[in-house]
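Heads up: the protein sequence lines correspond to chains A and B, in order. This note's numbering applies: residue -7 is where the first sequence begins, and numbers increase by one. This note's numbering applies: residue 12 is where the second sequence begins, and numbers increase by one. We put the beta carbon where it would ideally sit given N, CA and C, even for glycine. Note that the structure is a prediction, hence the values are computed from the model and not measured. To start, the structure itself, in structure tokens.
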Amino acid sequence: MAAPALKSTFLDFEQPIAELEARIDELRYVQDDSAVDISEEISRLQKKSQALTKEIYGKLTPWQVAQVARHPQRPYTLDYVNALFTDFQELHGDRAYADDASIVGGLARFNGQPVMVIGHQKGRDTKEKIHRNWGMPRPEGYRKALRLMRLAEKFGLPVLTFVDTPGAYPGIGAEERGQSEAIGRNLFVMAELKVPIVCTIIGEGGSGGALAIAVGDLVLMLQYGTYSVISPEGCASILWKNAEMAPEAAETLGITAARLKQLGLVDKVVSEPLGGAHRDHAAAAQNLKKALQDALRSLADKGPAALVEERFERLMGYGRFKEVALK
Amino acid sequence: MPRAGACREGRAVSWLQKLLPPKIKRAEGAARRQVPEGLWSKCPACDAVLYTTDLEKNARVCPKCAHHDRIGARARLDAFLDPEGRYEIGAEVVPVDTLKFKDSRRYTERLEEAEKDTHETDALVVMQGAVRDVPLVAAAFEFDFMGGSMGSVVGERFVRGVHACLDQNLPFVCFTATGGARMQEGVLSLLQMAKTTAALTQLAARRLPFISVLADPTMGGVSASFALLGDVVLAEPRALIGFAGPRVIEQTVREKLPEGFQRAEFLLEKGAIDKIVDRRELRDEIASLVTLLMRLPPPGS
């Protein structure tokens, strides 16, 4: 998969890198009709840019990570599907109301092995963003996912999910058609599905809308993904009554892969190429491929009963509390 | 544990207020606060002035207009369960501040304040008992404890309630009154949605009924997990029930919301719930439903 053809978009905190890269582009342009050899200067600046990227990405704040997770050039589910799978057969519709394009799914082969793939899908340009509803599913999206999970179970196929959503869509129709029930039903079914489920948070893991396809035997998370009970902005506007406190909210909510791994809420952090997955889609896909191979291999020998029992125990283990003697 | 009378006035939690439409806020705030503490209560719906004791005896349902005022978890269970043979489940489980969460205030301070106001240690109370001599386990959310939000303790108490059902072949009843997942526990609270819902798979496997009763309000992460998965889903009249809060929806779609949107009556019309039941009828209704599902003789026979 080629890197995005679009010109790189730099985030606010990447401005020093952007300036260097602009300078490099300028020199490259000049180099073509220049008598002097400036390739040495270019290579020097490139090294500097790399070092700078390494430095900046070495100490990203949680809020900056949230920006990377939402980067407009970040690989989306279908980018990974194209890079990691063959024979992808997209399947559509919930058989009750509609086909929700903010969740994609279908049959595919992973290293030749048939699997079911399900993921949130965001759009790149305005038209596609609208079509994908910014990756915010309505109930029919979750019900399509549910139908595909049951289909996978029927034919004994492992389920691989890719999580990347700001959240379930807060709309009138979504409520009328039972957004809550659709999400809740998925949680129930994923808890008892008799095939392996491997979930990967590839970008934004936005609350219940993310969890509705993120209950599994193993939960992987990309290095600059986020996973949160509420968006930092939402949390800030409720608790601080000021959306501009989002950076503080991001900090205290504990939304980064490293923090969640530390809390034992994700199993593996998948590293991203220098400067984030959007800088090098192919390298990001390669890392994820390796992690998914390992995950599937570790689940391959488990029978359905053991699988469901271990998943159940895992779910029951979530939560931190203490027990006290009662008076 | 007896509840002090004063705390029934119910301090509304400010961030939760923001989730609620203006009409509810008025009912919770202004109308209640005008009333001198204790003796008299004014019905926020019909303005009738009532003896507080009469209101309590009527499970906080206005005797004049049948408006269902919010009721605390313990008062609800007290009104719901037979007086004999009750005991509490999961009270030993209490919260910790894993994330060292701090916004304008610390999570630990909010917990302390909620405990002082409600005399509860978290937002769910679970009891084993009987209704019209039909044994069951019932859980009730305490809305006045941080907006009835679900964190690790709510999840664990819920699961322990389910375990008691599995151990003794009992049905499980849950009354929800909540704004959703508890932000102060981050992803830990998000995952309580998965934990509580997973526990229901075991009840289902054993053919033990789960009756979900949606009280005002039932929103967010609780609504989007176990609350709408009851074998039978009941709701109290006019209860606000939904995934996203009305304000969030209004800001997203930039439209005025339809009349009665996200109310119990609206959900019934949309096919989302089975039945709307007056709080004073819940004992009879649930005893009947449970005995029908479990192929037991009718209650009281």
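Sequence-distant residues of the same chain with beta carbon closer than 7 angstroms to residue i, five excluded per side
i	result
Asp108 (chain B)	Tyr118 and Thr119
Ala276 (chain A)	Pro67, Glu264, Pro265 and Ala269
Arg271 (chain A)	Pro265
Ala42 (chain B)	Bear in mind that a pLDDT of 46 at Ala42 (chain B), under 50, signals an unreliable position, so the number given afterwards is only what the model happens to contain. Closer than 7 angstroms at the Cβ level, and outside the excluded window around Ala42 (chain B), lie Lys53 and Pro55.
Val46 (chain B)	For Val46 (chain B), the predicted structure reports a pLDDT of 46, less than 50, and the residue's modelled location is therefore unreliable. A value from the coordinates is still provided. Taken in chain order, the residues that qualify are Ser52 and Lys53.
Lys314 (chain A)	none
Met237 (chain A)	Ala228
Ala287 (chain A)	Val190, Leu210 and Leu212
Chain-ordered neighbours of residue i on chain C, where CB pairs are closer than 8 angstroms
i	result
Phe2 (chain A)	Judged by its chain identifiers, the structure shown contains no chain C, and its protein chains are A and B.
Buried/exposed call for residue i, threshold 16 Cβ in 10 Å
i	result
Glu301 (chain A)	exposed
Lys136 (chain A)	buried
Glu167 (chain B)	buried
Thr118 (chain A)	exposed
Asn103 (chain A)	exposed
Gln11 (chain A)	The question names Gln, yet the displayed sequence has Glu at residue 11 (chain A). Exposed, by the Cβ-count rule.
Asp80 (chain B)	buried
Arg142 (chain A)	exposed
Ala274 (chain A)	exposed
Val301 (chain B)	buried
Asn234 (chain A)	exposed
Glu240 (chain A)	buried
Gln56 (chain A)	buried
Val104 (chain B)	buried
Backbone secondary structure at residue i - three-state DSSP
i	result
Arg334 (chain A)	In the structure as shown, chain A starts at -7 and stops at 319, and residue 334 (chain A) therefore has no counterpart that could be examined.
Ser0 (chain A)	coil
Tyr118 (chain B)	helix
Cys73 (chain B)	coil
Ile110 (chain A)	strand
Leu61 (chain B)	strand
Leu147 (chain B)	strand
Gly133 (chain A)	helix
Pro106 (chain B)	strand
Met182 (chain A)	helix
Tyr89 (chain A)	coil
Cys54 (chain B)	coil
Ala235 (chain B)	coil
His123 (chain A)	helix
Lys286 (chain B)	strand
Leu321 (chain A)	No information on residue 321 (chain A) is available, as it lies outside the stretch -7 to 319 that chain A covers here.
Val243 (chain B)	strand
Gly256 (chain B)	coil
Phe5 (chain A)	helix
Asp156 (chain A)	strand
Phe102 (chain A)	strand
Cross-chain neighbours of residue i in chain A, by beta carbon under 8 angstroms
i	result
Ile3 (chain B)	Because chain B spans 12 through 312 in this model, residue 3 (chain B) falls outside it and cannot be assessed.
Met194 (chain B)	Val221, Ile222, Cys227, Ile230, Leu231 and Leu245
Ser223 (chain B)	Ordered by position in chain A, no residue passes the 8 angstroms Cβ test against Ser223 (chain B), which lies about 10 angstroms from the chain.
Cβ-based neighbour list, residue i, same chain, cut-off 6 angstroms, excluding 5 preceding and 5 following
i	result
Ser220 (chain A)	Leu245 and Ile247
Arg169 (chain A)	Pro131
Ala310 (chain B)	It is Pro, not Ala, that sits at residue 310 (chain B) in the sequence shown. So the list reads Arg143, Val145, Ala298 and Thr302, once near-sequence residues are dropped.
Glu296 (chain B)	Val288
Ala93 (chain A)	His123 and Arg124
Ser236 (chain B)	Met204, Thr207 and Thr208
Residue i: contacting residues in chain B (beta-carbon distance under 8 angstroms)
i	result
Phe313 (chain A)	Val104, Val105, Pro106, Val107, Ser163, Val164 and Glu167
Leu138 (chain A)	Simply none; closest approach about 13 angstroms.
Cut-off 8 angstroms between Cβ atoms - residues of its own chain near residue i, not counting five sequence neighbours on either side
i	result
Asn180 (chain B)	Arg217 and Leu219
Ile34 (chain A)	Ile16, Leu19, Arg20 and Gln23
Val264 (chain B)	none
Contact set between residue i and chain B, taken where Cβ atoms lie within less than 9 angstroms
i	result
Gly246 (chain A)	Thr109, Leu110, Phe112, Gly197, Val198 and Leu199
Val60 (chain A)	Under the 9 angstroms cutoff, chain B gives no residues; its nearest Cβ is about 18 angstroms from Val60 (chain A).
Chain B residues whose Cβ lies nearer than 7 angstroms to that of residue i
i	result
Gly127 (chain A)	Here the premise fails: no neighbours, minimum Cβ distance about 14 angstroms.
Gln113 (chain A)	The contacting residues do not exist; Gln113 (chain A) stays about 19 angstroms from chain B at best.
Glu184 (chain A)	Thr212
Contact set between residue i and chain A, taken where Cβ atoms lie within less than 9 angstroms
i	result
Glu266 (chain B)	Ile164
Ala250 (chain B)	Chain A residues near Ala250 (chain B): none, gap ~13 angstroms exceeds 9 angstroms.
Proximal chain A residues relative to residue i, where beta-carbon distance stays under 7 angstroms
i	result
Thr263 (chain B)	Pro162 and Gly163
Ser115 (chain B)	Leu231 and Trp232
Met204 (chain B)	Leu179, Gly200 and Leu203
Chain A contacts made by the region 169 to 192 of chain B, where a contact means CB separation under 9 angstroms: Residues passing the 9 angstroms Cβ filter: Val170, Gly191 and Ala192.
Interfacial residues, the region 100 to 113 of chain B to chain A, with Cβ spacing under 7 angstroms: Against chain A - using a Cβ distance shorter than 7 angstroms - the residues of the region 100 to 113 of chain B are Ala102, Glu103, Val104, Val105, Pro106, Val107, Thr109, Leu110, Phe112 and Lys113.
Compile a chain-ordered list of the residues in the region 191 to 220 of chain A whose CB is closer than 9 angstroms to at least one CB of chain B. So the close ones are Gly197, Ser199, Gly200, Gly201, Ala202, Leu203, Ala204, Ala206, Val207, Tyr219 and Ser220.
At a Cβ cut of 7 angstroms, what residues of the region 291 to 311 of chain A count as close to chain B, listed as they run along the chain? Within the region 291 to 311 of chain A, the qualifying residues are Phe304, Leu307, Met308, Tyr310 and Gly311.
With 9 angstroms as the limit, tell me which residues of the region 268 to 290 of chain B have their beta carbon closer than that to any beta carbon of chain A; keep them in chain order. Listed by position, the residues of the region 268 to 290 of chain B near chain A (Cβ gap below 9 angstroms) are Leu268, Pro269, Phe272, Gln273, Phe277, Leu278, Lys281, Gly282 and Ala283.
Any C-beta of chain A within less than 9 angstroms: which residues of the region 131 to 158 of chain B qualify? Look at the region 131 to 158 of chain B: the residues with a C-beta under 9 angstroms from a C-beta of chain A are Thr132 and Asp133.
Check distances from the C-beta atoms of the region 206 to 223 of chain B to those of chain A and list, in chain order, the residues that come in under 7 angstroms. Listed by position, the residues of the region 206 to 223 of chain B near chain A (Cβ gap below 7 angstroms) are Lys206, Thr208, Ala209, Leu211 and Thr212.
With 8 angstroms as the limit, tell me which residues of the region 226 to 250 of chain B have their beta carbon closer than that to any beta carbon of chain A; keep them in chain order. Result list: Gly231, Gly232, Ser234, Ala235, Ser236, Phe237, Ala238, Leu239 and Leu240.
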